[in-house]
Structure formats: structure tokens, C-alpha cells
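Chain order of the listed sequences is U and F. In the numbering used here, each residue's number is its place in the first sequence (first place is 1) plus 14. In the numbering used here, each residue's number is its place in the second sequence (first place is 1) plus 192. Just so it is clear, CB atoms sit at the ideal spot from N, CA and C, and this is done for glycine as well.
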Amino acid sequence: MTEFRSAPVPEPSADDHHGGPVDAPLVIEYVDFECPYCAALNVKLAGRRLHRVFRHFPVRTSHPRAWAAAGAAEAAGLQGRFWEMHDLLFADQGRLEDPHLWQRARTLGLDVDRFDSDRRSELVRARVGRDFKSGVRAGVVTTPTLFAGGRMYAGQIDARTLDEIGACD
Amino acid sequence: MSPIAPGEPVPEFTLRRENGEAFTRADLEGHTTVLVFYPFAFSPVCTDQLGLYEEMLDEFKSRGATLYGVSCDAHYSQRAFRDQLGVTIEQLSDFEPKGEVCRAFGVYHPGGFAQRALVIIGPEGVVTWSYQADAPSELPGANLIFDGLEAPAPPV
Chain U
15 MTEFRSAPVP
25 EPSADDHHGG
35 PVDAPLVIEY
45 VDFECPYCAA
55 LNVKLAGRRL
65 HRVFRHFPVR
75 TSHPRAWAAA
85 GAAEAAGLQG
95 RFWEMHDLLF
105 ADQGRLEDPH
115 LWQRARTLGL
125 DVDRFDSDRR
135 SELVRARVGR
145 DFKSGVRAGV
155 VTTPTLFAGG
165 RMYAGQIDAR
175 TLDEIGACD
Chain F
193 MSPIAPGEPV
203 PEFTLRRENG
213 EAFTRADLEG
223 HTTVLVFYPF
233 AFSPVCTDQL
243 GLYEEMLDEF
253 KSRGATLYGV
263 SCDAHYSQRA
273 FRDQLGVTIE
283 QLSDFEPKGE
293 VCRAFGVYHP
303 GGFAQRALVI
313 IGPEGVVTWS
323 YQADAPSELP
333 GANLIFDGLE
343 APAPPV
């Protein structure tokens, strides 16, 4: 039986996906690639000086392709292109079926066969599930949810809030 | 008003199932029940509480717990809401007399709707754990239900 009782959000580790300078203010993101608010947040975060730590929080009832998209990002990550796939997924959320994922892999110059077997692998599934579970235990319900400066920010996040996060070092 | 406390037996009550049939105290007997009270069907958030709980259903089942959503909406509205969310969690309606069961469980908001609250009831019909969010806008995480399911039995 897996443990899902409350637990603090895990500190960033080497296993996480890190973006931005590590000496910038830290923001831990729990997001879903099929969530429109997450895509909007990604645009708002781009260009801000933040240390971004990415975690998956796919919820299939709202977003039937969320797990597939999460797997695609991880599979690209196994070929060193996580953030590029991350941005390509958010850039076109209306196209998340398998051929669209393969097309993105080709665009990034990935080994597409390897990408396709990796994204369906138990390793990748477990990796996405680990993030999801840590989010559940930390009380994440909706996406996007950010953790920054000891606080949790859930749902649509406006520019002023991001300014505050950027200010707390 | 605070939610019904651990150790209290559940009062007699009648909610309506989606097919209009009665759901009463007798339906709680013999298994662990989680009542998920929520303010309104069709609240405008992207991924809602019930969608997340749906994702965790196997985990709740493995702990012997059955979840129900409870609100003051009519059962037709609840059914449409459930379909829209794509969740299977059965909905129970406290529509008429409006909010009577929510009041009996101490989770009726003065605004005329259910608070966001969680009540866990043991197989004997006694509350083992309860929680009410500080505000209707605050979505209780699934972690809280797991905390509640594993909480020590209340003194009788």
C-alpha cells in the first residue's frame, strides 16, 4: 500500500528538472501539460529570473492526455531535452495525440523509436508518479500549484504574485 | 457551526442518490465512508477536488473506503456535473429540505450551501474524523483523507 499521508513538499534534488539560475529565488511548480492555466503560467514565468523546479501533476479526469504528455517530456529528458519538450507541449495543447508527440520528438532531433518506448516505460511512469504522489502529500489539488518562500500558491497566478515570489530570496 | 466531531454517531438522515432514491444512515453500515461536502456543482476551477480524488480511488478502495460527493444541488445537476468532470464518485443531494443534512452534520454555510468539508464514518456509523476548510475556496487535498483514514479511533 502506497503512502499518501500529509508530508512537506520535498526539497529540490538532483533527480528534479531544474531551470534558470540556481542562485535565483526558488519556485517549485506542480503542473499538468494539458492544463491551460499551466501553459499561461509558463509564458508568465519565461523571462523571469527564477530557479524553477518542475514536477508533474497530471490529472486524467480533466485532462485525458496529461499522463501521455508527461511521459513525452520525461522521455525527451532521457535524451537531454526535457525543457525543450516542456515548452513544445505547452505551446500547442490542442495537439497532444501520439502522432503530435512523435512530431515534436522529430522537431527536437530525438531518436524517435527510443523516445516512443521510453515514454511508455515503467521507469518513466514511476518518475511521473513520484512527482504526483509528492504533490498529493503536500496538499496539491489543482494546477498549477507553486511552492515558493515557504508558501503555496494554487490556481491562476497573476503577475503581482510572481513579482512577490521573485522578491523573496 | 463546526462539523460533526469524531466519536459522534451519525444522525438519522436522508440524502437523494442520482436516481432519486433515498440514501440513509443504513447505507453507511458495514464499511468506511468518506462524505465529501462541496459548495456547488460546476464551480469554475480547472482541476477540481473531485477530479483529484477520482485519481486516487484505487488507493481509497484499498483502504476499504467509499467516497460520496454531497452538495445542496439537485440530483440532476450533480449528475451533469459528475459527467462533465468525468468522475465516477457517486453524488448525494441535500436539495429538499434544502441543507437539512448539511445542518445535521454541522457543515451548512450561512450563504445557503455546503461548506467544503470531509467526514469519515466507520462501519458502525460513528464519525472517526472530520475536517472543514477555512473557506469554501480552499480545496482540501487528498492527503487529508489519507490522514483521516489512518487516524486513531476516537474515544467512544
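Enumerate in chain order the residues of its own chain whose CB-to-CB distance from F:F353 is below 7 Å, with the five nearest sequence positions on each side excluded.
The displayed coordinates of chain F run from 193 to 348. Any statement about residue 353 of chain F would go beyond what the structure contains.
Based on Cα-Cα distance, which residue from F:T280, F:L249, F:D326, F:P201 lies nearest to F:F338?
In the second sequence, the residue the question calls residue 338 of chain F occupies position 146. Nearest C-alpha to F:F338: F:L249.
According to DSSP, F:F215 sits in a beta bridge with which residue or residues?
What you label residue 215 of chain F is simply residue 23 of the second sequence in a count that begins at 1. The partner list for F:F215 (beta bridge, DSSP) reads F:L207.
Strictly below 9 Å CB to CB, what residues from chain U border F:M248?
On the second sequence, position 56 is the one that residue 248 of chain F refers to. The answer, in chain order, is F18, V150.
Report the three-state DSSP secondary structure of F:P201 (helix, strand or coil).
Locating residue 201 of chain F in the second sequence gives position 9, counting from the first residue. Strand, per DSSP.
In three-state DSSP terms, what is U:T156?
Taking the first sequence and counting its residues from 1, the one referred to as residue 156 of chain U is at position 142. Looking at U:T156 - three-state DSSP - the assignment turns out to be coil, as it is neither helix nor strand.
One or two residues paired with F:Q283 in a DSSP bridge
Position 91 of the second sequence, counted from the start, is the residue given in the question as residue 283 of chain F. According to DSSP, F:Q283 shares a beta bridge with F:G261.
Using a cut-off of 7 Å between C-beta atoms, extract the partners of U:R74 located in chain F.
Position 60 of the first sequence holds residue 74 of chain U. Neighbours of U:R74 on chain F, chain order: E247.
Would you call F:N211 buried or exposed, if buried means 16 or more other Cβ atoms sit within 10 Å of its Cβ?
Residue 211 of chain F sits at position 19 when you count from the first residue of the second sequence. With fewer than 16 other Cβ atoms within 10 Å, it is exposed.
U:G153 touches chain F at which residues, Cβ-Cβ below 7 Å?
Within the first sequence, the letter at position 139 stands for residue 153 of chain U. For U:G153, the chain F residues whose Cβ falls inside 7 Å of its Cβ are G333, N335, in order along the chain.
C-beta neighbour in chain F for U:T156, strict 8 Å:
For this step, residue 156 of chain U is matched to residue 142 along the first sequence. Yes, U:T156 counts as interfacial toward chain F.
Nearest chain U C-beta to F:V262 closer than 8 Å, yes or no?
Locating residue 262 of chain F in the second sequence gives position 70, where the first residue counts as 1. So no, F:V262 is outside the interface.
Comparing the C-beta of F:S338 with each C-beta of chain U, is any distance below 8 Å?
For the purposes of this step, residue 338 of chain F is identified with residue 146 of the second sequence, where counting begins at 1. Reading off the sequence shown, one finds Phe at residue 338 of chain F, where the question assumed Ser. Closer than 8 Å: yes.
Closer than 7 Å by beta-carbon distance: list the chain U residues that pair up with F:G243, in chain order.
Looking up residue 243 of chain F in the second sequence gives position 51. Correct list: V73, T75, S76.
Given this structure, state the Cα-to-Cα distance separating U:N56 from F:P315, to the nearest angstrom.
In the first sequence, the residue the question calls residue 56 of chain U occupies position 42. In the second sequence, the residue the question calls residue 315 of chain F occupies position 123. If you take the alpha carbons of U:N56 and F:P315, they lie about 46 Å apart.
Taking the alpha helix (DSSP H) that U:Y167 belongs to, which residues open and close that run?
On the first sequence, position 153 is the one that residue 167 of chain U refers to. Unbroken run through U:Y167 is the beta strand (DSSP E), 165 to 168; no alpha helix (DSSP H).
Count the CB pairs spanning the stretch 86 to 103 of chain U and the stretch 163 to 170 of chain U that are closer than 8 Å, and state whether there are at least three.
no
CB of U:A28 to nearest heavy atom of the ligand ATP: below 7 Å?
With respect to small molecules bound, the structure shown includes none, and the ligand ATP cannot be examined in it.
Using a Cβ cut-off of 8 Å (strictly closer), state whether F:L277 contacts chain U.
By 1-based counting over the second sequence, the position of residue 277 of chain F is 85. At least one chain U Cβ lies under 8 Å of F:L277.
Quick check: what's the CA-CA separation for U:R139 versus F:S285?
Here residue 139 of chain U refers to the residue found at position 125 when the first sequence is read from its first residue. Here residue 285 of chain F refers to the residue found at position 93 when the second sequence is read from its first residue. If you take the alpha carbons of U:R139 and F:S285, they lie about 37 Å apart.
Please list the partners that F:E342 has in chain U, where partner means a Cβ-to-Cβ separation under 7 Å.
Within the second sequence, the letter at position 150 stands for residue 342 of chain F. The answer, in chain order, is R19.
Would you identify the three-state DSSP class for F:H301, choosing helix, strand or coil?
Position 109 of the second sequence, counted from the first residue, corresponds to residue 301 of chain F. Three-state result, F:H301: strand.
If the criterion is Cβ atoms closer than 8 Å, does the pair F:L227 and F:V311 meet it?
Walking along the second sequence from the start, residue 227 of chain F turns up at place 35. Walking along the second sequence from the start, residue 311 of chain F turns up at place 119. Contact: yes.
Touch test, the stretch 148 to 159 of chain U against the stretch 31 to 47 of chain U, Cβ-Cβ under 8 Å, three pairs minimum:
Short answer: they touch.
Label F:M193 either buried or exposed according to how many other C-beta atoms from any shown protein chain fall within 10 Å of its C-beta, with 16 as the threshold for buried.
Locating residue 193 of chain F in the second sequence gives position 1, where the first residue counts as 1. So F:M193 counts as exposed.
Kindly indicate if chain U contains any beta-carbon less than 8 Å away from that of F:E251.
To locate residue 251 of chain F, count along the second sequence from 1; it is residue 59. The Cβ of F:E251 sits closer than 8 Å to at least one Cβ of chain U.
For U:R66, does the three-state DSSP call read helix, strand or coil?
Numbered from its first residue, the first sequence carries residue 66 of chain U at position 52. In the three-state DSSP reduction, U:R66 falls in the strand class (E or B).
Could you tell me the distance, in whole angstroms, from the CA atom of U:E17 to the CA atom of U:S148?
By 1-based counting over the first sequence, the position of residue 17 of chain U is 3. By 1-based counting over the first sequence, the position of residue 148 of chain U is 134. Whole-angstrom Cα-Cα distance: 10 Å.
For U:H70 versus U:D145, is the C-beta distance shorter than 8 Å?
By one-based count along the first sequence, residue 70 of chain U stands at place 56. By one-based count along the first sequence, residue 145 of chain U stands at place 131. The answer is yes: Cβ separation under 8 Å.
Sort out for me which residues DSSP pairs U:H100 with in a bridge.
Numbered from its first residue, the first sequence carries residue 100 of chain U at position 86. Beta-bridge partners of U:H100 (DSSP): none assigned.
When U:A21, U:A54, U:R63, U:S27 are compared against U:G34, the one with the closest alpha-carbon:
Here residue 34 of chain U refers to the residue found at position 20 of the first sequence. Among U:A21, U:A54, U:R63, U:S27, the Cα nearest to that of U:G34 belongs to U:R63.
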